[in-house]
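Participant:
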Amino acid sequence: MPERTVVIASRTGLHARPAKIFVEAAARQGTPVRIRVGDGKPVPANSILAVLALGAVHGTEVTLDADGPDADTALDSLAELLARDLDADE
Amino acid sequence: MIGTLRGLGVSPGLAAGPVCRMEDASRLSGGPWTAASPAVEADTAVRALLAASLSLSALAEKAAEPEARAILEAQSFIAADPLLQESVEENVRNGMHALDAITAACARHREALVAAGGYFAERAADLDDIRNRAVAAARNLPMSALPDPGHPFVLVAEDLSPADTVALDPATVLAVVTEKGGPTSHTAILARARGVPAVVACRGARELRDGTLVAVDGALGEVRTGIGEEEAAGIMRRAAEKRDRLRTSTGPGRTADGHPVKLLLNIGSAADLGTEVAAEGVGLFRTEFLFLDRRTAPEMDEQVAAYEAVFRALPGDRVVVRTLDAGTDKPLPFLGLPEETNPALGVRGLRVARARPEVLDTQLDAIAAAARAAGVRPWVMAPMVTTVAEAADFARRARSRGIADVGAMVEVPAAALRASRLLAELDFLSVGTNDLSQYTCAVDRQHGELADLLDPWQPALLRLVAECADAGRRAGKPVGVCGEAAADPLLAPVLAGLGVTSLSMSALSVPAVREALAARTMAECEHAARSALEADGPAEARRHAG
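Residue numbers (this note's numbering), protein chains in the order written: chain A, 1 to 90; chain B, 91 to 636.
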């Protein structure tokens with residue numbers, strides 16, 4: 001299954017605004033995407049509760065995975081989002 | 091029950107009227123519920139969550155305050171979470187009634203957030219609010235338990251959710267009293283923004299009965315029972331007169347006998363100045379906004395433009411620019427500072443210049459250039475100055491660029507204790523009471539349970555302010571106060587009496603502080619200051635000063 005590993009760039013971590021932006025983007029993808037921290041259990045990236053419960057702070061390494069024909073496109077765009085400081089775009 | 095209840099006064103003002111209690115979440119308990127078919131229960135539960143989500147987003151749209159809007163939008167988003175819905179559906183498949191399924195699903199996700207810790211755990215309370223709204227919707231009860239007795243009332247509650255607070259109508263809610271909550275709670279912030287007197291963390295509030303007349307003092311944090319109709323009407327009349335007076339209040343800050351105390355504003359950019367500036371200048375121009383969200387330091391030109399905009403908006407007035415107050419407590423990516431285990435005690439404020447002196451030098455260049463372009467004489471101060479050597483070094487850097495009025499924020503007790511020596515190097519001091527409290531009483535500024543130790547009326551804190559003011563008096567140099575303390579109308583005369591020459595606050599706080607100063611002579615202010623210093627604690631200090 002295709003995967004992308006990326007370091008959370010947002011200053012507040014995957015919380016508040018950055019978490020919401022990420023979850024909304026994940027929900028828009030054509031295929032279900034999962035997210036995990038390290039060897040942890042993958043959780044649906046389109047769930048704000050699941051994403052918050054990861055407790056991913058600034059600098060945490062997370063891994064995204066997805067299946068299906070759209071997987072690579074979806075993973076690239078979401079990984080790019082996490083690698084940006086989402087607190088910075090006002 | 092006759093007597094006075096005490097809590098934390100978080101939104102100043104007087105009000106009196108009949109108590110109306112808000113029912114707590116126990117109104118939603120009951121059962122046990124017998125489940126119909128899983129399909130029926132699932133339908134009820136999912137609809138209820140959707141209704142909760144919609145009601146929260148509708149409230150978010152109505153909210154005038156950006157903080158409140160963000161909180162409610164987040165709650166609405168959580169209520170619509172697909173995983174929450176999945177948990178509910180799983181619960182009904184296991185035979186649960188819709189109401190129990192909602193409660194259990196919210197409890198499960200609440201636990202997961204608490205386990206994530208830190209600021210993730212702070213969202214756990216959102217699930218309680220969502221659960222209450224969804225259960226109310228499923229039972230066809232009103233989602234908000236806010237009372238509506240048909241006449242103005244003093245709202246008494248165990249605590250208020252953000253949604254309840256946003257829905258408060260200042261026309262009917264005379265004052266708010268809660269058993270729980272702290273000075274930085276949503277209740278406190280929103281009550282202040284709306285000018286509704288509020289007392290939080292008020293022990294014994296649950297004993298107040300509907301219809302009891304009470305007088306609420308949102309500055310002193312007192313709720314007095316045993317008053318009659320006539321006294322209540324008198325308090326409301328005086329409160330209305332005071333509001334009218336404050337609305338029309340103008341002019342410079344001065345005591346009753348004409349002793350000047352400058353009233354200045356805390357701003358973050360020219361946008362905060364608004365159209366009508368009812369103050370005598372800016373006492374704290376925070377420059378962090380230019381530096382936030384950056385991968386690289388802002389260019390000189392961009393900085394010059396931002397400073398010049400403020401200087402040009404206030405051509406004749408004093409504008410005190412504070413150099414960048416950042417560091418490991420408020421990390422900025424471009425500074426490249428390593429993480430620290432105890433950032434409040436680490437590289438922050440002026441200390442950043444040890445690692446990155448060029449950031450400070452560029453900022454000073456930009457301030458000097460902006461002042462020249464606008465034709466003004468800027469005042470510039472550094473945050474977190476601790477030693478005389480730091481003050482001397484900062485002064486040298488600023489003066490070499492033609493900045494004549496150079497000062498320091500006093501936020502560290504070490505600086506307050508050496509105020510006289512600092513003023514030998516500098517032209518003015520500005521006491522930042524929020525940080526000075528945290529370092530004097532050794533309490534994190536965000537620590538809710540130790541809020542009493544952060545009270546600006548702590549005599550030890552006032553003693554350090556007095557140290558600075560005395561040094562200023564001896565040197566003939568101005569010593570101001572910025573921070574929450576400067577906005578407290580009860581404390582303003584005390585600070586003036588200590589010898590503080592300016593008070594810097596948000597524009598909203600200026601009229602009440604102006605009024606408080608105008609009501610006392612300087613001799614009375616000095617007497618109040620002596621009493622406050624002699625007190626053994628904040629409550630006694632307030633009583634003596636009042």
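A virtual CB, placed ideally from N, CA and C, is assigned to each residue, including glycine.
None of these values were measured; they are calculated from a predicted model.
(1) Could you give the distance in angstroms between the alpha-carbon of PRO172/B and the alpha-carbon of GLU24/A?
(2) If we cut at 8 Å on Cβ distances, does ALA206/B have a partner in chain A?
(3) Select from the region 167 to 179 of chain B all residues with a C-beta closer than 8 Å to any C-beta belonging to chain A, and list them in chain order.
(4) Taking only beta-carbon atoms, is LEU213/B less than 8 Å away from chain A?
(5) Given this structure, state the Cα-to-Cα distance separating ALA228/B from ALA50/A, to the nearest angstrom.
(6) For THR338/B, does the count of other Cβ atoms within 10 angstroms reach 16, so buried, or fall short, so exposed?
(7) Determine the burial state of HIS15/A: buried for a count of at least 16 other Cβ atoms within 10 Å of its Cβ, exposed for fewer.
(8) Within 8 Å, do at least three Cβ pairs link the region 261 to 275 of chain B to the region 304 to 313 of chain B?
(9) Quick one: Cα of ALA609/B to Cα of LEU593/B, how far?
(10) Looking at the secondary structure, which residues open and close the beta strand (DSSP E) in which ILE95/B lies?
(11) Taking ALA160/B as the reference, which of ALA19/A, HIS58/A, GLU80/A has the closest Cα?
(12) Pull up the distance between the alpha-carbon of PHE167/B and that of SER143/B, whole angstroms please.
(13) Given ALA226/B, which residues of its chain have a CB within under 7 Å of its CB, disregarding the five upstream and five downstream residues?
(14) On a CA-only basis, which of THR452/B, ILE357/B, GLU389/B, LEU380/B is nearest ALA403/B? Give me that one, please.
(15) Straight-line CA distance for THR60/A to GLU80/A?
(16) Kindly identify the DSSP beta-bridge partner or partners of ASN356/B.
(17) By how many angstroms is the C-alpha of GLY208/B removed from the C-alpha of VAL7/A?
(18) By a C-beta neighbour count over all protein chains shown, 10 Å radius and 16 as the cutoff for buried, is ASN432/B buried or exposed?
(19) Would you mind reading off the limits of the alpha helix (DSSP H) that contains ARG223/B?
(20) Are the beta-carbon atoms of LEU139/B and ALA169/B separated by less than 8 Å?
(21) Quick test of your reading: PRO342/B and VAL411/B, contact by CB under 8 Å. State the CB separation rounded to the nearest angstrom.
(22) Using the Cβ count rule (16 or more neighbours within 10 Å means buried), how would you classify ASN46/A?
(23) Give a yes or no on whether the minimum CB-CB distance between SER47/A and chain B is below 8 Å.
(24) Excluding the 5 residues flanking GLU90/A on each side, which residues of the same chain have their C-beta closer than 8 Å to its C-beta?
(25) Are the region 179 to 186 of chain B and the region 31 to 46 of chain A in contact at 8 Å, needing three or more beta carbon pairs?
(26) Excluding the 5 residues preceding and the 5 following PRO546/B in the sequence, name in chain order all residues of the same chain whose CB lies nearer than 7 Å to its CB.
(27) Tell whether a beta-carbon distance below 8 Å holds between GLY566/B and VAL590/B.
(28) Name, please, each residue of chain A whose Cβ falls closer than 9 Å to the Cβ of PRO421/B.
(29) Tell me the DSSP secondary structure of ARG632/B in three-state form.
(30) Looking at the structure shown, is VAL500/B part of a helix, part of a strand, or coil, going by DSSP?
(31) If we define contact as Cβ-Cβ less than 8 Å, is ASP70/A a contact residue for chain B?
(32) So, with DSSP's three-state summary, where would you put LEU245/B?
(33) By the criterion of Cβ-Cβ separation under 7 Å, what are the contact partners of LEU203/B in chain A?
(34) Are the beta-carbon atoms belonging to ALA56/A and GLY13/A less than 8 Å from one another?
(35) Roughly how many whole angstroms lie between the Cα atoms of VAL100/B and SER599/B?
(36) From LEU382/B to ASP114/B, what distance separates their C-alpha atoms?
Facilitator: According to the structure shown:
(1) For this step, residue 172/B is matched to residue 82 along the second sequence. For this step, residue 24/A is matched to residue 24 along the first sequence. So the two alpha carbons sit approximately 12 Å from each other.
(2) For the purposes of this step, residue 206/B is identified with residue 116 of the second sequence, where counting begins at 1. Judged by the 8 Å Cβ criterion, ALA206/B is in contact with chain A.
(3) PHE167, ILE168, ASP171, PRO172, LEU173, LEU174
(4) Taking the second sequence and counting its residues from 1, the one referred to as residue 213/B is at position 123. The residue asked about is misnamed: residue 213/B is Arg in this sequence, not Leu. So yes, ARG213/B belongs to the interface.
(5) Counting from one through the second sequence, the residue named residue 228/B turns up at place 138. Counting from one through the first sequence, the residue named residue 50/A turns up at place 50. Their Cα atoms are separated by approximately 25 Å.
(6) By one-based count along the second sequence, residue 338/B stands at place 248. The residue is exposed, with fewer than 16 neighbouring Cβ atoms inside 10 Å.
(7) The residue given as residue 15/A occupies position 15 in the first sequence. Answer is buried; the Cβ neighbour count reaches 16.
(8) yes
(9) Sequence index remark: in the second sequence, residue 609/B carries index 519 (1-based). Sequence index remark: in the second sequence, residue 593/B carries index 503 (1-based). For ALA609/B and LEU593/B, the distance between alpha carbons rounds to 16 Å.
(10) The sequence position of residue 95/B within the second sequence is 5, counting from 1. Note that residue 95/B is Leu in the sequence shown here, rather than Ile. It spans 94 to 96 - the beta strand (DSSP E) in which LEU95/B sits, taken as one unbroken run.
(11) Stepping through the second sequence from its first residue, residue 160/B is reached at position 70. If we check each option's Cα against that of ALA160/B, ALA19/A comes out closest.
(12) As a first step, residue 167/B must be located in the second sequence, where it is residue number 77. As a first step, residue 143/B must be located in the second sequence, where it is residue number 53. Approximately 7 Å, taken between the alpha carbons.
(13) Looking up residue 226/B in the second sequence gives position 136. Correct list, in chain order: LEU118, PRO232, MET233.
(14) For the purposes of this step, residue 403/B is taken as the residue at position 313 of the second sequence. Taking only the C-alpha atoms, the option nearest ALA403/B is ILE357/B.
(15) The sequence position of residue 60/A within the first sequence is 60, counting from 1. The sequence position of residue 80/A within the first sequence is 80, counting from 1. Taking the straight line from one Cα to the other gives about 15 Å.
(16) On the second sequence, position 266 is the one that residue 356/B refers to. LEU374/B, per the DSSP bridge assignment.
(17) As a first step, residue 7/A must be located in the first sequence, where it is residue number 7. As a first step, residue 208/B must be located in the second sequence, where it is residue number 118. Approximately 19 Å, taken between the alpha carbons.
(18) Within the second sequence, the letter at position 342 stands for residue 432/B. With fewer than 16 other Cβ atoms within 10 Å, it is exposed.
(19) By 1-based counting over the second sequence, the position of residue 223/B is 133. That run of the alpha helix (DSSP H) goes 214 to 228.
(20) One-based indexing of the second sequence puts residue 139/B at position 49. One-based indexing of the second sequence puts residue 169/B at position 79. For LEU139/B and ALA169/B, yes; Cβs fall inside 8 Å.
(21) In the second sequence, counting from the first residue as 1, residue 342/B sits at position 252. In the second sequence, counting from the first residue as 1, residue 411/B sits at position 321. With 8 Å as the limit, PRO342/B and VAL411/B do not qualify as a contact, their Cβ atoms being about 22 Å apart.
(22) The residue given as residue 46/A occupies position 46 in the first sequence. Under this definition ASN46/A is a buried residue.
(23) Taking the first sequence and counting its residues from 1, one reaches residue 47/A at position 47. With 8 Å as the cut-off, SER47/A counts as an interface residue toward chain B.
(24) Here the question's residue 90/A lines up with position 90 in the first sequence. Any reading at GLU90/A needs caution, since the residue's pLDDT is 41, under 50, leaving its predicted position unreliable; the model's value is listed next. For GLU90/A, where only same-chain residues beyond five positions count, there are no Cβ hits under 8 Å.
(25) no
(26) As a working mapping, residue 546/B is identified with position 456 in the second sequence. Contacts found: THR523, SER527, GLU574, ALA575, ASP578, LEU581.
(27) Locating residue 566/B in the second sequence gives position 476, where the first residue counts as 1. Locating residue 590/B in the second sequence gives position 500, where the first residue counts as 1. The answer is no: Cβ separation not under 8 Å.
(28) One-based indexing of the second sequence puts residue 421/B at position 331. The contacting residues are ARG11, HIS58.
(29) Here the question's residue 632/B lines up with position 542 in the second sequence. ARG632/B: helix per DSSP, three-state reduction.
(30) On the second sequence, residue 500/B is found 410 positions in, with the first residue counted as 1. Note: VAL500/B maps to strand in three-state DSSP.
(31) By 1-based counting over the first sequence, the position of residue 70/A is 70. Not closer than 8 Å to any Cβ of chain B, the Cβ of ASP70/A fails to qualify, so no.
(32) The residue given as residue 245/B occupies position 155 in the second sequence. LEU245/B falls in the strand class under three-state DSSP.
(33) Mapped onto the second sequence, residue 203/B falls at position 113. Those are LEU52, ALA53, listed as they occur along chain A.
(34) Sequence index remark: in the first sequence, residue 56/A carries index 56 (1-based). Sequence index remark: in the first sequence, residue 13/A carries index 13 (1-based). Result yes, Cβ atoms of ALA56/A and GLY13/A sit closer than 8 Å.
(35) The residue you call residue 100/B lines up with position 10 of the second sequence. The residue you call residue 599/B lines up with position 509 of the second sequence. VAL100/B and SER599/B: Cα-Cα distance of roughly 13 Å.
(36) Within the second sequence, numbered from 1, the residue matching residue 382/B stands at position 292. Within the second sequence, numbered from 1, the residue matching residue 114/B stands at position 24. One C-alpha to the other measures close to 41 Å.
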